[in-house]
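Q:
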Amino acid sequence: MLINFADLDLTEDDRTEDDQAPHGGLVSLSLGEFLQMEFPRREMLLAPWLPAKGLAMVFAPRGVGKTHFALGVAHAVATGGRFLRWTAPAARPVLLLDGEMPAIALQERLARITENDQSGGLADGRLRVLASDLCPFGMPDLSTPVGRRQIEPVIRDAELIVVDNLSTICRSGRENEAESWASVQDWALTQRRAGRSVLFVHHAGKGGEQRGTSRREDVMDSVVRLSRPDDYLATDGARFVVTFTKNRGFTGADAAPFEAGFSDNQWTMRDIADSRGEANRLQDNVADLIADGLSQRQMAAELGVSLGTVNRLVKKARRADGAAQGAECSTVQSV
170 MLINFADLDL TEDDRTEDDQ APHGGLVSLS LGEFLQMEFP RREMLLAPWL PAKGLAMVFA
230 PRGVGKTHFA LGVAHAVATG GRFLRWTAPA ARPVLLLDGE MPAIALQERL ARITENDQSG
290 GLADGRLRVL ASDLCPFGMP DLSTPVGRRQ IEPVIRDAEL IVVDNLSTIC RSGRENEAES
350 WASVQDWALT QRRAGRSVLF VHHAGKGGEQ RGTSRREDVM DSVVRLSRPD DYLATDGARF
410 VVTFTKNRGF TGADAAPFEA GFSDNQWTMR DIADSRGEAN RLQDNVADLI ADGLSQRQMA
470 AELGVSLGTV NRLVKKARRA DGAAQGAECS TVQSV
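First residue of the sequence shown? That's 170 in this note's numbering, and the numbers climb one at a time after it.
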């Protein structure tokens, strides 16, 4: 007997009281029946880490670039374009739920993203925005049944829902309690059964991992951590290391960490090994130029890097030189 799972796809609003009982809508299959079922091939919204009917999360400390990342993903999926090292095979309808940024700041960021858009306005028809600033009574709370019912008419046409972020859109309960996540997880699984993908944006805690209960990661296909490089300066803007802490269905080079940076309205990427090698090379060159008596502005022109980068490298070189001199003095005194 083949089961049509579309017949079992009940949304939260469709369930009767009997449906919500332990036996409601449950069907068990024999191994033979299950193996005979024909499931649609799982497509990708953004290959290789964001599948159709998939759940994913990106997290980072404040100010690292979570929203830059989320907007880049949303735009790529809506246009069938590229973001960082990933490709969207086809354009899909996307809904961005933004519960944090002022509407004007969100508008400015999206305007920068679309400046180089070559999709012929495809994003305009496929990327829709629901911003907290434009909601008369505030953004619905997805942690509550009322909030989920309020959001239902808005999400029906979307194939990807970007929730930016968990703290502002899922407000009820405590972040570190698994029970508080249960209702949001049920909502996310309902979206998956309905054929939608969800990308959650979340904050990192003081230890660098996603804030609150680790149970959030259980149902995720992919979890992405954004972190600042060791040599990061505030003048660098959006620059971070991309690391997959969960990568279901892809491995090897596809899952390898890399560094990404946004400047002059474009993204640049490089492998972590290349990044460290380049940093070491620049550090050595700056040390030589300090010895030659060049100013920081002259160093920037000589090396072809920003003044902020030179300033950081000069400070690091001076700290290293001071430490070396201190060690030398200690050695002399001990003798």
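Note that the Cβ used here is the ideal one computed from N, Cα and C, for glycine as well.
Hey, is K222's beta-carbon within less than 8 angstroms of any beta-carbon in chain B?
A: Absent from the structure is chain B; it holds one protein chain and no more.
Q: Under the assumption that S301 contacts D267 (Cβ atoms under 8 angstroms), give the Cβ distance between them as a whole number of angstroms.
A: 6 angstroms
Q: Provide the residue(s) that pair with T505 in DSSP beta bridges, ordered along the chain.
A: Outside the displayed range of the chain (170 to 504) lies residue 505, so it cannot be described from this structure.
Q: Is the beta carbon of W218 less than 8 angstroms from the beta carbon of A225?
A: Taking the C-beta atoms as reference points, A225 is found nearer than 8 angstroms to W218.
Q: Within the continuous beta strand (DSSP E) that includes V227, where are the two ends?
A: Looking at the DSSP string, the run of the beta strand (DSSP E) that includes V227 is L224 to A229.
Q: Can the beta-carbon of S383 be found closer than 8 angstroms to that of K415?
A: no
Q: Between A260, T359 and L215, which lies nearest to A239 when the distance is taken from Cα to Cα?
A: The shortest C-alpha to C-alpha distance from A239 to any of A260, T359 and L215 is the one to L215.
Q: Is S341 buried or exposed, if buried means 16 or more other CB atoms sit within 10 Å of its CB?
A: It counts as exposed.
Q: Confirm, please, whether the CB-CB distance from L335 to F369 is below 8 angstroms.
A: In this structure, L335 lies closer than 8 angstroms to F369 by Cβ.
Q: Which residues does DSSP pair with M213 in a beta bridge?
A: P220
Q: Considering only C-alpha positions, which residue in the set V332, E284, D333 and C339 is nearest to D310?
A: C339
Q: Report the CB separation of L265 from V298 in whole angstroms; it is logged as a contact under 8 angstroms.
A: 5 angstroms
Q: Assign T382 to one of three DSSP states: helix, strand, or coil.
A: coil
Q: Is it buried or exposed for Q360, if we count other Cβ within 10 angstroms and need 16 for buried?
A: buried
Q: Just the C-alpha distance for W436 and L204, rounded to the nearest angstrom, thanks.
A: If you draw a straight line from the Cα of W436 to the Cα of L204, it is about 44 angstroms long.
Q: Measure the CB-CB distance between H237 and F431 and report whether it falls below 8 angstroms.
A: yes
Q: Measuring CB to CB, does R231 end up less than 8 angstroms from H371?
A: no
Q: What is the DSSP secondary structure of D490, reduced to helix, strand or coil?
A: helix
Q: What does the alpha-carbon distance come out to for the pair R417 and E348?
A: Approximately 24 angstroms between the Cα atoms of the pair.
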